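S.K.: Shown below is the structure under consideration.
In the working numbering, the protein residues as written are 37 to 186.
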């Protein structure tokens, strides 16, 4: 996986002269689907665009992130994009995108402090982020609510 901006810079540096515009690169990337290329253009929720293999699996990435975030040190202090980048073998900016995607799927939660973002395992996945006041009838959180309410 590589950021589209990095591809643009690398491509134009290799050409030397007769540079291409960002729009030309983006248009070429959108044509890959028609030619069944082994790579594809992906746009994250934040708007960041990357080129990745079609065989790339978010589920595999999330499994590796879950393994990292459930280690004893991470349970106490959380993980940063740099921690995830070292584990995943990608740039910190790309790791942050994966962490934010995992957060949007309810796998992680985050803490924003002056030191930056820290991500933790979501211990309350049964809470619906769209309706914070509705608690499902099963899971750790509903058990905790019943015990505290009793």
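Ideal Cβ positions, reconstructed from N, Cα and C, are used throughout, including at glycine.
Just so we're clear, the structure is a prediction, and the values are computed from it rather than from any experiment.
#1: Evaluate contact between the stretch 80 to 90 and the stretch 121 to 138, counting only Cβ atoms and requiring at least three cross-stretch pairs below 8 Å.
#2: At what residues does the alpha helix (DSSP H) containing residue 105 begin and finish?
#3: Consult DSSP for residue 149 and reduce its assignment to one of helix, strand or coil.
#4: Give me the Cα-Cα distance between residue 65 and residue 125, rounded to the nearest whole angstrom.
#5: Would residue 118 pass as a contact of residue 128 if the rule is Cβ separation under 7 Å?
#6: What number of angstroms, rounded off, separates the C-alpha of residue 123 from the C-alpha of residue 100?
#7: State the Cα-Cα distance for the pair residue 93 and residue 38, rounded to the nearest angstrom.
#8: Please check if any C-beta of chain B sits within less than 7 Å of the C-beta of residue 117.
#9: Please state whether DSSP places residue 47 in a helix, a strand or coil.
M.R.: Taking the coordinates as given:
#1: Judged by Cβ distances under 8 Å, the stretch 80 to 90 makes contact with the stretch 121 to 138, as three or more pairs qualify.
#2: 94 to 105 is the extent of the alpha helix (DSSP H) around residue 105.
#3: strand
#4: 24 Å
#5: yes
#6: 8 Å
#7: 15 Å
#8: Given the protein chain composition of this structure (a single chain), no chain B is represented.
#9: helix
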